[in-house]
Amino acid sequence: MLQDQEAHAAEMERTFIAIKPDGVQRGLISEIVNRFERKGYKLVAIKLIVPSKEFAQKHYHDLKERPFFNGLCDFLSSGPVLAMVWEGEGVIKYGRKLIGATDPQKSEPGTIRGDLAVVVGRNIIHGSDGPETAKDEIALWFEPKELVSYTSNEEKWIYGVN
Ligand code: UDP
Ligand code: MG
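Each residue of the sequence shown is one higher than the one before, counting from 82 in UniProt numbering.
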């Protein structure tokens, strides 16, 4: 059944995904990008940056009361982070499924953390946990002009849009 163009456009979402310094240092960029690409999501922004500690604190502001907050912010600002925005139907929720549980020991095999990480403090990847967070995180990490809107030739094959 072909999906109507308007219905497809209404379902489109964007999420913020970041490969943390451990994932970058371990040479896992192409492996992780490949999983999102193969699934059928569209990359709309990407950059490699070393965030400051203040920036890391903003990114993780929801966790500021947690005992691991300081170490987590030190870690995120310790080296290059690959910041990305991915677009697709249901990408916020399903992106989290591709990533797996926060603790890699509890992540299913087949997920990014399940396959590629061992401990919670070095779980290699971040993904927005809901629509509001996605909006806030994209705005924190990217200028609007860094988000690239384009039509991919694969979309009609991925979504069956007529
Ligand atoms: N974290 C940690 N110890 C914990 C829980 C979380 O070091 O006990 C780190 C871990 O790197 C995690 C990040 O804090 O990815 C953010 O925690 P959150 O609960 O938001 O998990 P996520 O959304 O990344 O799965
Ligand atoms: Mg989180």
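Quick reminder that beta carbons are idealized off the backbone N, C-alpha and C, glycines included.
Using 8 Å as the cut-off, classify the Cβ of residue i as near or not near the heavy atoms of ligand 4, replying yes or no.
| i | result |
| --- | --- |
| Gly152 | Among the ligands in the structure shown, ligand 4 does not appear; only ligand 1 and ligand 2 can be found there. |
Please list the terminal residues of the continuous beta strand (DSSP E) segment that includes residue i.
| i | result |
| --- | --- |
| Glu94 | 93-100 |
| Gly208 | 206-208 |
Between the options, which has its C-alpha nearest residue i's C-alpha?
| i | options | result |
| --- | --- | --- |
| Gly160 | Ala215, Glu224, Ala99 | Ala99 |
| Asn204 | Val172, Ala182, Lys120 | Ala182 |
| Gly211 | Ala91, Lys120, Arg95, Ile130 | Arg95 |
| Pro225 | Val166, Leu153, Ala91, Met93 | Val166 |
| Leu228 | Asp85, Met93, Ala126, Lys139 | Ala126 |
| Ile239 | Gln86, Glu112, Gly121 | Gly121 |
| Ser233 | Gly104, Glu168, Asp184, Asn115 | Glu168 |
| Val105 | Asp143, Val242, Phe156, Ser230 | Phe156 |
| Tyr175 | Arg147, Ala90, Phe97 | Phe97 |
| Lys237 | Lys123, Gly108, Val114, Lys145 | Lys123 |
| Val172 | Asp85, Ala215, His140, Asn115 | Ala215 |
| Leu163 | Leu221, Ile110, Gln86, His89 | Ile110 |
| His140 | Phe223, Gly108, Glu235, Val242 | Phe223 |
| Leu153 | Asp143, Val242, Gly202, Gly191 | Gly202 |
On the DSSP bridge assignment, give the partners of residue i in chain order.
| i | result |
| --- | --- |
| Trp167 | Thr96, Leu124 |
| Val162 | Ile130 |
State the DSSP-derived secondary structure class of residue i, mapped to helix, strand or coil.
| i | result |
| --- | --- |
| Val201 | helix |
| Val105 | helix |
| Val114 | helix |
| Glu189 | coil |
| Leu144 | helix |
| Asp196 | helix |
Grab the span of the alpha helix (DSSP H) containing residue i for me, first residue to last.
| i | result |
| --- | --- |
| Arg177 | 172-180 |
| Pro212 | 212-222 |
| residue 251 | The structure shown has nothing for residue 251, since the chain only spans 82 to 243. |
| Asp155 | 150-157 |
Any beta carbon from chain B within less than 9 Å of residue i's own beta carbon?
| i | result |
| --- | --- |
| Gly171 | The displayed structure is made up of one protein chain only, and chain B is not part of it. |
Using 8 Å for Cβ pairs, my map puts residue i next to residue j. What's the rounded Cβ distance?
| i | j | result |
| --- | --- | --- |
| Glu118 | Glu170 | Contact doesn't hold; Cβ gap of about 15 Å is too wide. |
| Ser158 | Val131 | 7 Å |
| residue 297 | Ile180 | There is simply no residue 297 to check, as the chain begins at 82 and stops at 243 in what is shown. |
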